[in-house]
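**Q** Numbering-wise, the sequence shown is residues 2 to 392 according to the numbering used here.
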Amino acid sequence: MRKWVITLLVGLTSAGLVASCTPPLPPDAQAVAAERILNCVAGEQQITTPDYLTAPLEFVNDTLMAQCPEQSMAFVSDGDLPVQILDRAPTDAEIADFERFCGSEVVVAPIFGFASDIAYNQPGLDDVFLTADVAADILTGKITQWNDPRITDLNEGYEFDSTPIVLLRLGQPSGAVEAFTKWLSEAAPENWSLGQLDVLPNGKEIDGMQSLLDELSLEYGALTVVPTYEAQIFAMQLASLPAGESQINAVDSDFPKIGMAAAEINFDDKGHMRTTHATGGVPIEGQFDAAAAKIVIQPGQEIVGWPSNAVAHVMACDKPDDPLPKATAQFLVRLSAQGSIEGAGLTGLPEPIRFRTFPALKVELPEDLTSIDLEIEEEVVENETGLEGQQ
Numbered sequence: 002m003r004k005w006v007i008t009l010l011v012g013l014t015s016a017g018l019v020a021s022c023t024p025p026l027p028p029d030a031q032a033v034a035a036e037r038i039l040n041c042v043a044g045e046q047q048i049t050t051p052d053y054l055t056a057p058l059e060f061v062n063d064t065l066m067a068q069c070p071e072q073s074m075a076f077v078s079d080g081d082l083p084v085q086i087l088d089r090a091p092t093d094a095e096i097a098d099f100e101r102f103c104g105s106e107v108v109v110a111p112i113f114g115f116a117s118d119i120a121y122n123q124p125g126l127d128d129v130f131l132t133a134d135v136a137a138d139i140l141t142g143k144i145t146q147w148n149d150p151r152i153t154d155l156n157e158g159y160e161f162d163s164t165p166i167v168l169l170r171l172g173q174p175s176g177a178v179e180a181f182t183k184w185l186s187e188a189a190p191e192n193w194s195l196g197q198l199d200v201l202p203n204g205k206e207i208d209g210m211q212s213l214l215d216e217l218s219l220e221y222g223a224l225t226v227v228p229t230y231e232a233q234i235f236a237m238q239l240a241s242l243p244a245g246e247s248q249i250n251a252v253d254s255d256f257p258k259i260g261m262a263a264a265e266i267n268f269d270d271k272g273h274m275r276t277t278h279a280t281g282g283v284p285i286e287g288q289f290d291a292a293a294a295k296i297v298i299q300p301g302q303e304i305v306g307w308p309s310n311a312v313a314h315v316m317a318c319d320k321p322d323d324p325l326p327k328a329t330a331q332f333l334v335r336l337s338a339q340g341s342i343e344g345a346g347l348t349g350l351p352e353p354i355r356f357r358t359f360p361a362l363k364v365e366l367p368e369d370l371t372s373i374d375l376e377i378e379e380e381v382v383e384n385e386t387g388l389e390g391q392q
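Here it is in structure tokens:
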């Protein structure tokens with residue numbers, strides 16, 4: 002059976018580890034302590050990233066330069082570069098290709114998320130509520146008018162007319178579409194049998210996120226699936242979606258924060274960390290910390306968040322003679338960077354998930370936080386089986 006070595010902090014409770022007779026610091030406290038080390042490396046790191054993520058990531062660059070004046074990031078939309086940001090998890094084939102490009106080991110981890118939703122153009126009709134089955138039938142072309150009874154029945158008091166629904170779709174693969182169609186396939190499988198898609202199956206095709214939103218703003222009755230922060234920039238209306246027994250809107254940032262904790266985490270045998278898109282809205286046990294997220298949960302309150310959240314990932318070359326790419330990737334999960342990400346309208350990683358990116362990104366830990374090398378059977382890591390340490 003294949004085994005590999007990974008360095009974990011004492012008290013990494015997400016792995017079920019007990020390694021000392023002294024009670025360990027909780028993960029959030031250890032994560033804060035890890036912030037004491039800031040690995041600044043002089044140079045400008047060019048990063049390949051989807052064009053629509055460039056603007057919010059510039060906020061992160063500003064934060065980086067404030068803390069490391071001689072280090073910066075520059076974002077380009079294409080090209081083979083030592084750091085790549087994707088609006089989804091990379092595939093095995095993409096990681097293998099990237100390893101060949103780097104000629105070295107690579108680090109892979111999630112870095113942030115963003116809510117995705119149906120954005121539409123119906124002046125005066127804000128927060129139109131759509132269930133998963135109705136949204137699926139709109140996007141497959143079965144519902145073609147705004148006054149269809151299946152829409153009006155969900156939205157009493159709204160005055161819909163017979164305006165045709167004009168479907169628009171982004172011509173390029175999109176993590177926002179992946180997340181939304183993943184949710185549809187889980188929540189309304191009878192209406193959406195197409196599975197997770199990266200491009201919508203129907204509609205007028207538009208190249209580029211900005212052009213898509215320009216077209217949406219001009220076409221009365223039009224709708225599409227986009228990141229919610231982009232729709233807000235263009236003052237587009239966003240649908241409300243079901244969350245447990247409630248209907249919610251992603252404009253309230255608390256809901257995406259909760260929903261992000263529904264991402265399923267996977268580690269491969271090289272320590273690369275990847276997650277699924279976070280769909281369904283119900284946090285996986287141990288992945289949501291209300292206090293760390295600064296969210297007040299009332300007694301008896303249902304803990305459920307936004308049901309459609311894309312999760313962006315970073316890949317970076319890990320070369321001993323060129324530390325800048327890995328240092329850049331590591332900065333993206335620092336608390337200060339995550340704060341900049343949230344300030345730009347994206348969603349930071351839930352603290353229990355962020356903490357787990359540290360070994361994946363080979364983050365240097367303070368010496369006073371005891372670490373321990375463990376031989377871990379590959380299947381144990383993948384199945385999240387608890388491990389017992391020695392006292």
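All residues carry an ideal CB built from backbone N, CA and C; glycine is no exception. Please read these numbers as outputs of a predicted model, since none were measured by experiment.
Is the beta carbon of G281 less than 8 Å from the beta carbon of W193?
**A** No, these two residues do not count as a Cβ contact at 8 Å.
**Q** So what does DSSP say about L58, is it helix, strand or coil?
**A** Helix.
**Q** Starting from the Cα of V312, find the closest Cα among R335, G344, P257, A328 and give me that residue.
**A** Of R335, G344, P257, A328, the residue nearest in Cα terms is P257.
**Q** Any idea which residues DSSP pairs M316 with across the strands?
**A** Answer is Q85, V109, bridged to M316.
**Q** Using 8 Å as the Cβ pair cut-off and three pairs as the minimum, do the segment 106–115 and the segment 348–366 touch?
**A** Flag = yes, the segment 106–115 and the segment 348–366 touch.
**Q** I'd like the span of the beta strand (DSSP E) that includes E206, first residue to last.
**A** 205–207 is the extent of the beta strand (DSSP E) around E206.
**Q** Which class does T141 belong to by DSSP, given the choice of helix, strand or coil?
**A** Correct three-state label for T141: coil.
**Q** Between the Cα of N250 and those of Y159, V315, W307, P228, spot the shortest distance and give me the residue it belongs to.
**A** The shortest Cα separation from N250 among Y159, V315, W307, P228 belongs to W307.
**Q** Using the Cβ count rule (16 or more neighbours within 10 Å means buried), how would you classify T145?
**A** Counting Cβ neighbours within 10 Å, T145 comes out exposed, since fewer than 16 surround it.
**Q** Just to check my reading of the structure: G172 and D138 have Cβ atoms closer than 8 Å, yes? What is that Cβ distance to the nearest angstrom?
**A** Contact doesn't hold; Cβ gap of about 23 Å is too wide.
**Q** Taking C-alpha atoms, which residue in P324, G176, P57, G245 lies nearest to Q302?
**A** That would be G245, whose Cα lies nearest to the Cα of Q302.
**Q** What are the complete alpha helix (DSSP H) segments, minimum 4 residues, inside the segment 249–294?
**A** Qualifying alpha helix (DSSP H) stretches, in chain order: 255–260, 291–294.
**Q** Applying the 10 Å Cβ sphere with the 16-neighbour rule, what's the burial state of M66?
**A** Classification for M66: exposed.
**Q** What are the uninterrupted segments assigned as beta strand (DSSP E) that are 3 or more residues long and contained completely in the segment 168–219, given in chain order?
**A** Segments of the beta strand (DSSP E) lying fully in the segment 168–219: 205–207.
**Q** For E354, I'd like the list of residues in its chain whose CB is within less than 8 Å of its CB, leaving aside the five on either flank, ordered along the chain.
**A** What sits at residue 354 in the sequence shown is Ile, not Glu. Closer than 8 Å at Cβ, skipping near neighbours: P111, M261, A262, A264, I266, T276, Q288.
**Q** Which whole-angstrom value is the C-beta distance of L168 and G142, which I expect to be below 8 Å?
**A** Right, their Cβ atoms sit about 7 Å apart.
**Q** Would you mind stating whether S105 and K320 have Cβ atoms separated by less than 8 Å?
**A** It is a contact, given that the beta carbons lie within the stated cut-off.
**Q** How long is the line joining the alpha carbons of C103 and V305, rounded to whole angstroms?
**A** Approximately 41 Å, taken between the alpha carbons.
**Q** I'd like to know if V297 contacts chain D, where contact means its C-beta is closer than 8 Å to some C-beta of that chain.
**A** Note that chain D does not occur in the displayed structure, where there is just one protein chain.
**Q** Going by DSSP, what residue range makes up the beta strand (DSSP E) through S78?
**A** No beta strand (DSSP E) holds S78; DSSP gives it neither H nor E.
**Q** Taking A189 and A133 to be in contact with their CB atoms under 8 Å, please state how far apart those CB atoms are, rounded to whole angstroms.
**A** That pair is a contact at about 4 Å.
**Q** For A232, count neighbouring C-beta atoms within 10 Å of its own C-beta (all shown protein chains included) and say buried if the count is 16 or more, exposed if not.
**A** Answer is buried; the Cβ neighbour count reaches 16.
**Q** Quick one: measure Cβ to Cβ for A1 and V84, integer angstroms, because I've assumed they're closer than 8 Å.
**A** With the chain represented from 2 up to 392, any question about residue 1 goes unanswered, as that position is not in the structure.
**Q** Look at the alpha carbon of P57 and the alpha carbon of D270, and state the distance between them as a whole number of angstroms.
**A** Cα to Cα, P57 sits roughly 32 Å from D270.
**Q** Report buried or exposed for Q299, applying the criterion of at least 16 other Cβ atoms within 10 angstroms of its Cβ.
**A** So Q299 counts as exposed.
**Q** With three or more beta-carbon pairs closer than 8 Å as the criterion, would you say the segment 114–127 touches the segment 220–227?
**A** Yes, the segment 114–127 touches the segment 220–227.
**Q** Have a look at T64 and Y53 and give me their C-alpha separation to the nearest angstrom.
**A** If you take the alpha carbons of T64 and Y53, they lie about 19 Å apart.
**Q** If we ignore side chains and look at the alpha-carbon of each, how far apart do H314 and L214 end up?
**A** If I take the Cα positions, the gap works out to 24 Å.
**Q** Could you round the C-beta distance between L201 and L155 to whole angstroms and report it? I think they count as a contact, below 8 Å.
**A** Not a contact, Cβ separation roughly 21 Å.
**Q** Under three-state DSSP, which class holds L13?
**A** Low local confidence applies: a pLDDT of 38 at L13 is under 50, so the model's placement there is unreliable, with the coordinate-based value given in what follows. Looking at L13 - three-state DSSP - the assignment turns out to be coil, as it is neither helix nor strand.
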